[in-house]
Amino acid sequence: MTEKNSRKGKPEKTQEGNPYDLPLEQHVFPNKSIKKIGGDLGGVEVFFLKKRKSERLRSDNPVFTAKRVWNKTTEDFFSEIDRAYQSLISELSYDKEDVFSLPTHSNEILSRFYASLYARSMLRENPNYGEKIDLFDVEPLDKDVVEYAESVGYAMPTNESFYRLINQPLAFQYWRSAMEGLNGIRWGTLKAPIDTEFIVPDFFALKSFYIPVTSNIAFVPIFNGGNATYDEVATYNMHLIRQSKSYYFSKNILKAPVRRYSNFLITKIIFGKAEKAIGGKEFSEFNQA
Numbered sequence: 209m210t211e212k213n214s215r216k217g218k219p220e221k222t223q224e225g226n227p228y229d230l231p232l233e234q235h236v237f238p239n240k241s242i243k244k245i246g247g248d249l250g251g252v253e254v255f256f257l258k259k260r261k262s263e264r265l266r267s268d269n270p271v272f273t274a275k276r277v278w279n280k281t282t283e284d285f286f287s288e289i290d291r292a293y294q295s296l297i298s299e300l301s302y303d304k305e306d307v308f309s310l311p312t313h314s315n316e317i318l319s320r321f322y323a324s325l326y327a328r329s330m331l332r333e334n335p336n337y338g339e340k341i342d343l344f345d346v347e348p349l350d351k352d353v354v355e356y357a358e359s360v361g362y363a364m365p366t367n368e369s370f371y372r373l374i375n376q377p378l379a380f381q382y383w384r385s386a387m388e389g390l391n392g393i394r395w396g397t398l399k400a401p402i403d404t405e406f407i408v409p410d411f412f413a414l415k416s417f418y419i420p421v422t423s424n425i426a427f428v429p430i431f432n433g434g435n436a437t438y439d440e441v442a443t444y445n446m447h448l449i450r451q452s453k454s455y456y457f458s459k460n461i462l463k464a465p466v467r468r469y470s471n472f473l474i475t476k477i478i479f480g481k482a483e484k485a486i487g488g489k490e491f492s493e494f495n496q497a
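Written as structure tokens, this is what we have:
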């Protein structure tokens, strides 16, 4: 399939009212996890790379979703992984030092979850909307029959739904590739200093291995775990911004430091501009490369 076909076109619409409750707005980073990042603010602050400005949005905003890119079978697979991850999160107490001690069964849960974030990121970037199937002289299938079949786990290919049929094996291929990369990784917890936050990217890359939990706690490979310094958070955030495609977010953008280019240069994003601190002197410039 070509890059052109991958991106052109639109997602297939359901019947009016979506009678079989098929997944339409599909979160890449789970709704519950975005809520946990936002905490008591009721939303997160999203910085849009193209517009160079930020906006506070609720976790159910469509900006966080793919538009009916994968089918219900794939969504059910991701949802099962999400439930195991959310159950693990509920076991941890973030106000205690033992947050750094993860349960023995956590490694597989976290690896499976990160692999799903990578798969969802790849599918949203390459939805394959433009892919079609040559049905020759086959009589078109009734839409109600096709939707019912998808709701119970069966695939009935049509020109409109073929892209989702392609994306199902692609989802598992992406997921398996990530799991291979995660083989042998032991997860640990990284905690930012008080009033300092991690960035959440809109794209989870194959080898970044970073799962944001709250605004100042993340799961990372254990050799990177522990109490992070301000400088270390800024370095993490720099890499996370660089892998983002359209936006990134945090609870409060002003509290998410970002390192740029030099080991001695730290920046803070302020509504599309950055406040540089060098030897106690400050000046402003755009913070995007």
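Quick note on our numbering: the sequence shown kicks off at 209 and runs consecutively. Glycine included, each C-beta is placed from N, C-alpha and C at the ideal position.
Under the three-state DSSP convention, the category residue i falls into
| i | result |
| --- | --- |
| N435 | strand |
| W278 | coil |
| S262 | strand |
| A292 | helix |
| I425 | strand |
| T201 | The shown model of the chain, from 209 to 497, leaves out residue 201, and the question about it has no answer. |
| N495 | With a pLDDT of only 35 at N495, under the threshold of 50, the placement of this residue in the model should not be trusted; the figure read from the coordinates follows. Note: N495 maps to coil in three-state DSSP. |
Beta-carbon proximity list for residue i, same chain, < 8 Å, skipping 5 on both sides
| i | result |
| --- | --- |
| F479 | In this prediction, F479 has a pLDDT of 30, which is less than 50 and means its spatial position is unreliable; what the coordinates show is noted afterwards. Correct list, in chain order: K261, S262, I461. |
| P311 | L296, E299 |
| S359 | Y228, D229, L230, K280 |
| R264 | L249, G251, V252, E253, V254 |
The beta strand (DSSP E) enclosing residue i, as first and last residue numbers
| i | result |
| --- | --- |
| G396 | 395-399 |
| V421 | 419-422 |
| Y456 | 455-458 |
| V466 | 465-467 |
Cα-Cα separation between residue i and residue j, rounded to whole angstroms
| i | j | result |
| --- | --- | --- |
| I474 | A464 | Model confidence at I474 stands at a pLDDT of 37, short of 50, so the residue's coordinates are unreliable; what they give is reported in the following sentence. Their backbone Cα atoms lie some 11 Å apart in a straight line. |
| V498 | F406 | In this structure the chain extends from 209 to 497, so residue 498 is not present and cannot be described. |
| K476 | V354 | For K476, the predicted structure reports a pLDDT of 40, less than 50, and the residue's modelled location is therefore unreliable. The matter cannot be settled from this model. |
| A500 | P227 | Nothing in the structure corresponds to residue 500, since the chain is present only between 209 and 497. |
| N391 | F255 | 33 Å |
| F431 | G396 | 7 Å |
| D403 | R320 | 30 Å |
| T422 | D350 | 46 Å |
| V428 | P348 | 49 Å |
| G217 | G247 | 37 Å |
| R328 | A436 | 28 Å |
| N445 | K240 | 22 Å |
| R467 | A363 | 47 Å |
7 Å CB neighbourhood of residue i in its chain, flanking five on each side removed
| i | result |
| --- | --- |
| W278 | Q234, L331, R372, N375, Q376, A379 |
| N269 | none |
| D352 | Q223 |
| P420 | I245, F406, V408, A426 |
| R153 | As shown, the chain starts at 209 and ends at 497. That puts residue 153 outside it, with no answer to give. |
| P238 | D290 |
N- and C-terminal bounds of the alpha helix (DSSP H) containing residue i
| i | result |
| --- | --- |
| F380 | 370-389 |
| D352 | 351-359 |
| A327 | 314-333 |
Own chain, CB closer than 6 Å to residue i, minus 5 neighbours either side, in chain order
| i | result |
| --- | --- |
| M275 | Looking at the sequence shown, residue 275 is not Met but Lys. Here the set comprises P219. |
| G433 | G396, T397, L398 |
| P401 | Y438 |
| L232 | R276 |
Taking only runs that begin and end inside the region 219-268, name each unbroken beta strand (DSSP E) of 3 or more residues, in chain order. 233-235, 252-256, 261-265
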